[in-house]
Amino acid sequence: MIDTIKASMAIPKEGKILQVLENQRTIVNPQTRSKKITGKIKNISFHVHFNPDGKVCRVNFIGSLNKFIYDNNFVLSNRLDVKKAVKSLSNITGLPLHKATLKRLDIGACFIMKYPVTSYLLLLDGLQGRYKKTNIANETIYFFNGRRAFAFYDKIKENKKRKTLVPSDFNDKYVLRYELRYYKALEEQFDMRKIIVSDLYDVKFYKLIKRRWRKGYFKIIKYRIQDLNKVRDLKSLSAFLTLNGIEKVGGLAKVISMIDSFCLREKINPGGKHRLKKRIRELYSQRTTSIITKEVMELNKKVKAFGNIRKYEHGVN
Numbered sequence: 000m001i002d003t004i005k006a007s008m009a010i011p012k013e014g015k016i017l018q019v020l021e022n023q024r025t026i027v028n029p030q031t032r033s034k035k036i037t038g039k040i041k042n043i044s045f046h047v048h049f050n051p052d053g054k055v056c057r058v059n060f061i062g063s064l065n066k067f068i069y070d071n072n073f074v075l076s077n078r079l080d081v082k083k084a085v086k087s088l089s090n091i092t093g094l095p096l097h098k099a100t101l102k103r104l105d106i107g108a109c110f111i112m113k114y115p116v117t118s119y120l121l122l123l124d125g126l127q128g129r130y131k132k133t134n135i136a137n138e139t140i141y142f143f144n145g146r147r148a149f150a151f152y153d154k155i156k157e158n159k160k161r162k163t164l165v166p167s168d169f170n171d172k173y174v175l176r177y178e179l180r181y182y183k184a185l186e187e188q189f190d191m192r193k194i195i196v197s198d199l200y201d202v203k204f205y206k207l208i209k210r211r212w213r214k215g216y217f218k219i220i221k222y223r224i225q226d227l228n229k230v231r232d233l234k235s236l237s238a239f240l241t242l243n244g245i246e247k248v249g250g251l252a253k254v255i256s257m258i259d260s261f262c263l264r265e266k267i268n269p270g271g272k273h274r275l276k277k278r279i280r281e282l283y284s285q286r287t288t289s290i291i292t293k294e295v296m297e298l299n300k301k302v303k304a305f306g307n308i309r310k311y312e313h314g315v316n
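Numbering (numbering that gives the first Met the number 0), first residue to last: 0 to 316.
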């Protein structure tokens, strides 16, 4: 579940890292005279920083722990797998990497679906708050607010583009991957004074990030099918027609963007804009004249089932 991480730590000595890094490259800053040496251990990238006097002072590293363990991120790692990976990297480098401060964290899982991945991605409409939706060729959907992102994409197509192998269990399957990515300000987002790498395999923190991943998915608004049979009066007919209009122009996120652009162009007062957006969101969240699509029901079921599997919380295979 835990995939890509980025971490940083001050170090008084270099340990064995300069002896074990592959594909080393030295970069010198001509102004400060400081240098750094970059390299890799398998798929994990390291940057070893030196003071102007030539002494090592800091190491940064980034990469997928899942790929370090299994050579891919199709197979799901558990909490104890993460602990073993960190311990292995610490032993290889001679550095206590479990004490490094966490700067980025990606949490993800792959699901084998019944239908082509695009049919699910197109049903992911919007997310309340300051999230911008990005659709890349109907193969990837992002909801990004500057600090974190919810990402959904076709895992098989991504691997083909990168020319990486697909495990045999996933060959010729429709594989959808869902990730929650924390890019910065992790302490603020998790309301913790400090987050270090060893927290990744702490039972309490592991449960927390898994819960965030699951709840985040269910906050995303999905397209529904408008059902005229659910219309019972003029009020529900008005809602039915409005919702059809919203979905015809591209969904809630598109309509909210249109409102913002219109109010900016026509210099509409912020209060009026806020009230209109609030009414649209309330109507869209209720959607009493609509039904959930079979694709959304399938994905909901898989995310919910995965989130309730206790063995992954405790690292039991």
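Yeah, the Cβ is synthetic: ideal placement off N, Cα and C, and Gly gets one too.
So residue i and residue j are supposed to be a Cβ contact under 8 angstroms. How far apart are they, rounded?
| i | j | result |
| --- | --- | --- |
| Leu122 | Tyr200 | 34 angstroms between Cβ atoms; not a contact. |
| Asn50 | Ser63 | Asn50 to Ser63, Cβ: 30 angstroms. No contact. |
| Leu94 | Val58 | 6 angstroms |
| Leu88 | Leu96 | 5 angstroms |
| Val254 | Ile267 | 15 angstroms between Cβ atoms; not a contact. |
Among the options, which one has its Cα closest to the Cα of residue i?
| i | options | result |
| --- | --- | --- |
| Lys214 | Leu164, Leu263, Asn137, Val302 | Val302 |
| Lys276 | Tyr205, Met257, Glu265, Lys131 | Met257 |
| Phe45 | Leu242, Tyr177, Ile61 | Ile61 |
| Asn90 | Asp232, Tyr119, Leu263, Val19 | Val19 |
| Leu75 | Glu246, Phe217, Gly270, Asn65 | Asn65 |
| Asn243 | Ser260, Ile279, Gly128, Asp259 | Ile279 |
| Lys132 | Thr117, Leu240, Phe149 | Phe149 |
| Thr25 | His48, Ile10, Lys15 | His48 |
| Asn299 | Ser167, Tyr141, Lys206, Leu175 | Leu175 |
| Ala304 | Pro269, Ser260, Tyr216 | Tyr216 |
Take residue i and list the residues in its own chain whose beta-carbon comes closer than 8 angstroms to its own, dropping the five residues that flank it on each side.
| i | result |
| --- | --- |
| Gln23 | Leu17, Ile36, Thr37, Gly38 |
| Lys183 | Lys102, Arg103, Arg146 |
| Phe29 | Just to set this straight, residue 29 is Pro in the shown sequence, not Phe. Closer than 8 angstroms at Cβ, skipping near neighbours: no residue. |
| Gly125 | Lys132, Phe142, Ile219, Ile220, Gly250, Leu251, Ala252, Ile255 |
Apart from the five residues just before and just after residue i, which ones in its own chain have a Cβ nearer than 7 angstroms to its Cβ?
| i | result |
| --- | --- |
| Tyr114 | Tyr173, Glu294 |
| Gly270 | none |
Expressed to the nearest angstrom, what Euclidean distance is found between the alpha-carbon atoms of residue i and residue j?
| i | j | result |
| --- | --- | --- |
| Tyr311 | Ala108 | With a pLDDT of only 42 at Tyr311, under 50, the local geometry of the prediction cannot be trusted, and no value is derived from it. |
| Ile40 | Ala6 | 15 angstroms |
| Phe189 | Asp198 | 12 angstroms |
| Ile43 | Gly249 | 40 angstroms |
| Glu21 | Ile219 | 42 angstroms |
| Leu236 | Glu281 | 16 angstroms |
| Ala161 | Ile155 | Residue identity differs from the one stated: residue 161 is Arg in this sequence, not Ala. Near 10 angstroms, if we compare the C-alpha coordinates of Ile155 and Arg161. |
| Phe169 | Phe151 | 17 angstroms |
| Lys98 | Asp52 | 25 angstroms |
| Lys171 | Ile111 | Before going on, a small fix: residue 171 reads as Asp here, not Lys. Those two C-alpha atoms are separated by around 10 angstroms. |
| Asn316 | Val196 | Summary for Asn316: the model assigns pLDDT 31, below 50, so the residue's position carries little reliability; its value from the coordinates is reported in the next sentence. Roughly 22 angstroms separates the two Cα atoms. |
| Asn71 | Arg180 | 18 angstroms |
| Glu297 | Lys247 | 24 angstroms |
| Ser118 | Thr139 | 12 angstroms |
Going by other Cβ atoms of all chains shown within 10 Å of its Cβ, with 16 needed for buried, is residue i buried or exposed?
| i | result |
| --- | --- |
| Ala136 | exposed |
| Phe67 | buried |
| Leu251 | buried |
| Glu178 | buried |
| Thr3 | buried |
Using C-beta distances below 6 angstroms, list every residue in its chain close to residue i, excluding the 5 sequence neighbours before and after it, in chain order.
| i | result |
| --- | --- |
| Leu185 | Leu101, Ile194 |
| Cys262 | Lys272 |
| Ala84 | Leu64, Phe67, Ile68 |
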